[in-house]
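Colleague: Quick one: the structure is below, questions incoming.
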Amino acid sequence: MTDREEIKPTAHELMELHLDALFTHDHNMRLIAINEPWSGAATAPRFFLGRTIEGTTLCRFRYDVPEMLVEQLEELCADEPIARDIQTKPKNFKAYMNLLQGERFTMGPCYIIPGEATPKMQVVSITRENIAEFLLDGFEWLTLEIEYVQPCIALVHESRVVSICRSVRITSKAHEAGLETLNAFRGRGYAAAVVAVWAMDVRKLGSIPLYSTSWENLASQKVARKLALSLYGVNFIVI
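Convert by adding 3 to the 1-based position in the sequence shown; the result is the number in the numbering used here.
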């Protein structure tokens, strides 16, 4: 089967991959913790709702949410319309927040990075073996993470790492991008360059490169537009 003949996952399947990458689950598919590749993962949120461009929904709940409450929330999830506007809250937003007694939530668009995304600048792969060759001012923490976040792609300016894209949520089927660019180097196309090469490297591993953000993060959404990323849905998470 050639790349052109490759069967592409549906929006619902992509949302499942996204959800499985974000959190660890118990045998009942209840959420346990943030699926961070390093130790000391934080507890998962109480509720996740994914709305896809196909009109389907996917919801999961933390292990300690009572079953009666789960049944109520599942009925509301099934009543959600197609997600056409990434900045529109779920139809049953108030009900979710009231039932869960939620004080905080996050929401944002979810993308798959297409195989056509190509880099416009020269970047490098950062590994445990070569990380000492670069200046990490602003990215000092990367030394502790590096062996857990592969692939890790960086744009280097005068020996200094100024933009990176790395795998911050990993499963056997998909990787979620973690993108960081130093403030002084934003707006130059560096972020798009590292994301494009990161996605290529993830595909070489046989995995699907995913990219998600919050709707408040306009800079991140700008990167998505620049690379013509394919929107498959919107997530809504009650902390």
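Each residue gets a CB set at the ideal place from its N, CA and C atoms; glycine is no exception.
Counting beta carbon pairs with one atom in the region 87-96 and one in the region 149-163, are three or more of them shorter than 8 Å?
Modeller: no
Colleague: Between which residues of its own chain and D204 is the CB-CB distance below 8 Å, once the five residues before and five after are set aside?
Modeller: S128, P154 and I156
Colleague: So for H30, helix, strand or coil by DSSP?
Modeller: coil
Colleague: On the DSSP letters alone, give me the boundaries of the beta strand (DSSP E) that Y214 sits inside.
Modeller: First-last of the beta strand (DSSP E) with Y214: I211 to S215.
Colleague: Are the beta-carbon atoms of A196 and L158 separated by less than 8 Å?
Modeller: Their beta carbons are under 8 Å apart, which means A196 touches L158 by this criterion.
Colleague: Under the rule that 16 or more other beta-carbon atoms within 10 Å means buried, what is W201, buried or exposed?
Modeller: buried
Colleague: With a Cβ-Cβ cutoff of 8 Å, do V198 and A180 count as a contact?
Modeller: yes
Colleague: Can the beta-carbon of I149 be found closer than 8 Å to that of T174?
Modeller: no
Colleague: For N101, name the three-state secondary structure that DSSP assigns.
Modeller: helix
Colleague: How about G61 and M18: are their beta carbons less than 8 Å apart?
Modeller: Before going on, a small fix: residue 61 reads as Leu here, not Gly. In this structure, M18 lies closer than 8 Å to L61 by Cβ.
Colleague: Go to R63, then tell me how far its beta strand (DSSP E) extends in each direction, as first and last residue.
Modeller: T60 to F64
Colleague: When you compare only the Cα positions, how much space is there between S215 and Q125?
Modeller: 24 Å
Colleague: DSSP state of S233, grouped into three classes?
Modeller: In the three-state reduction of the DSSP assignment, S233 falls in the strand class, which pools E and B.
Colleague: Alpha carbon to alpha carbon, how far is F239 from F108? Give it in angstroms, no decimals.
Modeller: Between F108 and F239, the C-alpha separation is close to 7 Å.
Colleague: If you follow the alpha helix (DSSP H) that M71 is part of, which residue opens it and which one closes it?
Modeller: E70 to A81
Colleague: Identify whether S162 lies in helix, strand or coil by the three-state DSSP scheme.
Modeller: coil
Colleague: On the three-state DSSP scale, how would you describe A157?
Modeller: strand
Colleague: Quick check on L147: buried or exposed, where buried means 16 or more other Cβ atoms within 10 Å of its Cβ?
Modeller: exposed
Colleague: Please name the residue in G190, L221, H21 and E77 whose C-alpha comes closest to that of Y114.
Modeller: H21
Colleague: Alpha carbon to alpha carbon, how far is E132 from A86? Give it in angstroms, no decimals.
Modeller: Spanning the alpha carbons of A86 and E132 requires a straight line of approximately 44 Å.
Colleague: Quick one: what's got a C-beta closer than 6 Å to T5's C-beta in the same chain, skipping five residues either side?
Modeller: Legend: pLDDT at T5 = 44, less than 50; position of this residue unreliable, value from coordinates given subsequently. For T5, where only same-chain residues beyond five positions count, there are no Cβ hits under 6 Å.
Colleague: Here's the rule I'm using: 16 or more other beta-carbon atoms within 10 Å means buried, otherwise exposed. How should T55 be labelled?
Modeller: buried
Colleague: Using C-beta distances below 8 Å, list every residue in its chain close to G192, excluding the 5 sequence neighbours before and after it, in chain order.
Modeller: K123, M124 and K229
Colleague: Work out the CA separation of C168 and A24 for me, nearest whole Å.
Modeller: If you take the alpha carbons of A24 and C168, they lie about 16 Å apart.
Colleague: Can you round the beta-carbon distance between Y66 and I35 to whole angstroms, since I take them to be within the 8 Å contact cut?
Modeller: 6 Å
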